[in-house]
C-alpha cells in the first residue's frame, strides 16, 4: 500500500503580532468602562473639565483602535506616548470630580513649570492628533 500524502499543502496561518497585547487591551477597556462610570458624576459638567474629558476619551479610543494594527516599532512608540498623555489627564479628572479639588490648582501641581491654564501641556496633547491622522487609529 502506498503512503497517503496530500497533493496540496496548506500552510499554517501566520499569527501576526499586534501593537497591543491582549492584556493591555483588556486593561484599557476596563479603564474606559471606569471612566464611563466616572462621567455619570454630576461634577463632570464643570466647563473647565470638558477639554480634559474630551481628550482622555479620544486617547482611550485611539489606544483601543490601535489594537487592530500590526506591530511596528514606531507605532508602539505612539501607543506608549498615548499612555503617558493619559496619566495626567486621569489624575486631573479623578482629583477634580471625586475629591472636589480646584481644576487650576490640580493643573499647577500636575505641570508645575506652567503658570497659567493656557500654557499647560494640554494644548500640546490636544494637538497630538497628527498621529491619529497618519495612522488612522482614532475615529475623530
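Residue numbers (the numbering used here): 1 to 140.
Backbone N, C-alpha and C define an ideal beta-carbon position, used for all residues, glycine too.
For residue i, three-class secondary structure by DSSP
{"i": "residue 141", "result": "Nothing about residue 141 can be reported from this structure: the residues present for the chain run from 1 to 140 only."}
{"i": "residue 118", "result": "At residue 118, the pLDDT of 46 sits below 50, so the modelled position is not reliable; the number obtained from the coordinates is stated separately. Residue state, collapsed to three classes: helix."}
{"i": "residue 144", "result": "For residue 144 there is no data in the structure shown, the boundaries of the chain being 1 and 140."}
{"i": "residue 40", "result": "coil"}
{"i": "residue 93", "result": "helix"}
{"i": "residue 33", "result": "helix"}
{"i": "residue 99", "result": "coil"}
Burial state of residue i, where buried means 16 or more other Cβ atoms lie within 10 Å
{"i": "residue 86", "result": "buried"}
{"i": "residue 59", "result": "buried"}
{"i": "residue 98", "result": "exposed"}
{"i": "residue 54", "result": "exposed"}
{"i": "residue 11", "result": "exposed"}
is_contact[residue i, chain B] using C-beta, thresh 9 Å
{"i": "residue 43", "result": "Of the protein chains in this structure there is only one, and it is not chain B."}
Residue i - containing alpha helix (DSSP H), residue span
{"i": "residue 14", "result": "Unbroken run through residue 14: none, as it is neither H nor E."}
{"i": "residue 108", "result": "103-110"}
{"i": "residue 55", "result": "50-65"}
Proximal residues to residue i (C-beta, below 8 Å), its chain only, five neighbours per side dropped
{"i": "residue 80", "result": "none"}
{"i": "residue 70", "result": "16, 17, 18 and 19"}
{"i": "residue 95", "result": "101 and 106"}
{"i": "residue 42", "result": "none"}
{"i": "residue 37", "result": "none"}
7 Å Cβ shell around residue i - same chain, five flanking residues per side excluded
{"i": "residue 52", "result": "89, 92, 93 and 122"}
{"i": "residue 76", "result": "19"}
{"i": "residue 63", "result": "28, 79 and 82"}
Which residues DSSP lists as bridging residue i, in chain order
{"i": "residue 70", "result": "18"}
Cut-off 6 Å between Cβ atoms - residues of its own chain near residue i, not counting five sequence neighbours on either side
{"i": "residue 25", "result": "67"}
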